[in-house]
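A.B. asks:
Chains as they are written, first to last, in this note's numbering: chain A, 767 to 868; chain B, 4 to 242.
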């Protein structure tokens with residue numbers, strides 16, 4: 767059991783940022799009400815994060831990654847079960863690569 | 004067993020509420036164990052020590068940002084890398100702002116030394132369960148904290164076997180393990196679908212992120228893309 771000092775610093779920074787996010791909304795509401803515009807911006811944020819993270823990774827990951835993501839989305843839309851969705855994505859990536867596609 | 008909500012508006016804590024909160028969280032637990040183990044497995048693949056993985060799960064306790072951190076891990080062991088990681092972490096978890104803002108009418112009646120530590124236990128499913136309980140008139144703050152603590156213990160415990168299994172896999176790509184993080188994100192997106200109009204900001208976020216990824220090295224595409232989508236969302240009137 768060991769830990770690199772830089773890794774510990776990274777974890778500490780992440781933990782601090784996360785707690786600040788968790789506390790921020792609660793704190794802000796006690797001082798100023800969220801405007802409708804702010805509310806809409808925050809509502810659009812989760813989906814935007816997913817799109818902004820996934821598309822470049824899929825583009826870099828090649829055909830196998832793209833097929834995996836499509837399989838995950840299809841399984842999720844079909845059954846609404848997040849575990850099944852991820853399992854479908856991982857299985858699709860493994861199968862496509864077993865077929866020789868990078 | 005169900006706990007009858009007490010009369011009145013003020014929030015309070017109870018032992019029975021902690022147990023009830025954990026019980027309400029039970030349906031989500033299998034999924035959480037799987038993702039906790041997946042995080043451990045991926046952490047082993049990315050070269051974290053077991054202690055680092057367990058510390059991250061227990062102190063950060065936010066799955067989406069932990070998976071993103073693993074993707075970035077090889078780039079972050081410099082001060083500049085850590086600054087980027089901090090910004091990406093804040094961006095990915097900015098959604099907590101809206102979630103805890105919604106808790107103000109309920110948790111606002113508690114003293115700060117009780118409400119602020121409680122906020123650490125917020126997770127997406129735990130928040131959803133607690134808001135549902137509150138909408139039916141419940142005021143017991145331990146529903147949120149009980150569910151959040153149960154999830155927290157499971158999240159840490161599931162990381163360990165995942166790590167040990169992940170350390171044995173020598174070729175993660177062969178088993179598709181490298182796509183866990185992006186598939187996890189895609190799966191989160193599907194239930195958020197509210198029609199094409201509400202998805203316009205997502206399309207803008209994706210397009211901006213692709214552009215930034217093509218011209219700027221590193222992980223800025225997440226921050227710039229997500230903020231572009233969010234700002235677009237603020238200026239699109241829903242009807």
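Note that the Cβ used here is the ideal one computed from N, Cα and C, for glycine as well.
Cα-Cα, which of 89/B, 118/B, 153/B, 31/B is closest to residue 15/B?
C.D. replies: If we check each option's Cα against that of residue 15/B, 118/B comes out closest.
A.B. asks: Of the residues 790/A, 807/A, 803/A, 769/A, which one's Cα is nearest the Cα of residue 229/B?
C.D. replies: Of the candidates 790/A, 807/A, 803/A, 769/A, the one whose C-alpha sits nearest the C-alpha of residue 229/B is 807/A.
A.B. asks: If the cut-off is 8 Å on Cβ atoms, which residues from the region 112-139 of chain B count as contacting chain A, listed in chain order?
C.D. replies: 118, 119, 122, 123, 125
A.B. asks: Should residue 238/B go down as buried or exposed, given a rule of 16 or more other Cβ atoms within 10 Å for buried?
C.D. replies: exposed
A.B. asks: Pick helix, strand or coil for residue 174/B, following the three-state DSSP scheme.
C.D. replies: In the structure shown, residue 174/B adopts coil according to DSSP, grouped into three states.
A.B. asks: Compare the C-alpha of residue 843/A against each of 133/B, 202/B, 192/B, 126/B and name the closest.
C.D. replies: Nearest of 133/B, 202/B, 192/B, 126/B to residue 843/A, Cα basis: 192/B.
A.B. asks: Quick one: list the residues of chain A neighbouring residue 260/B, beta-carbon separation under 8 Å, in chain order.
C.D. replies: No answer is possible for residue 260/B: the residues shown for chain B start at 4 and end at 242.
A.B. asks: Considering only C-alpha positions, which residue in the set 122/B, 26/B, 53/B, 196/B is nearest to residue 768/A?
C.D. replies: For residue 768/A, the closest C-alpha among the options 122/B, 26/B, 53/B, 196/B is that of 53/B.
A.B. asks: Cα separation between residue 810/A and residue 91/B?
C.D. replies: Their backbone Cα atoms lie some 17 Å apart in a straight line.
A.B. asks: With a threshold of 9 Å between beta-carbons, can residue 821/A be considered close to chain B, or not?
C.D. replies: yes
A.B. asks: Is it right to say residue 195/B is buried, meaning 16 or more other beta carbons lie within 10 angstroms of its own, or is it exposed?
C.D. replies: exposed
A.B. asks: Can you give me the C-alpha to C-alpha distance between residue 2/B and residue 205/B, rounded to a whole angstrom?
C.D. replies: The first residue shown for chain B is 4 and the last is 242, placing residue 2/B beyond what the model contains.
A.B. asks: Cβ closer than 9 Å: which chain B residues qualify as neighbours of residue 855/A?
C.D. replies: 179, 182, 183, 185, 186, 187, 189, 190
A.B. asks: Could you spell out the range, first to last residue, of the alpha helix (DSSP H) harbouring residue 60/B?
C.D. replies: Its alpha helix (DSSP H) spans residues 53-62.
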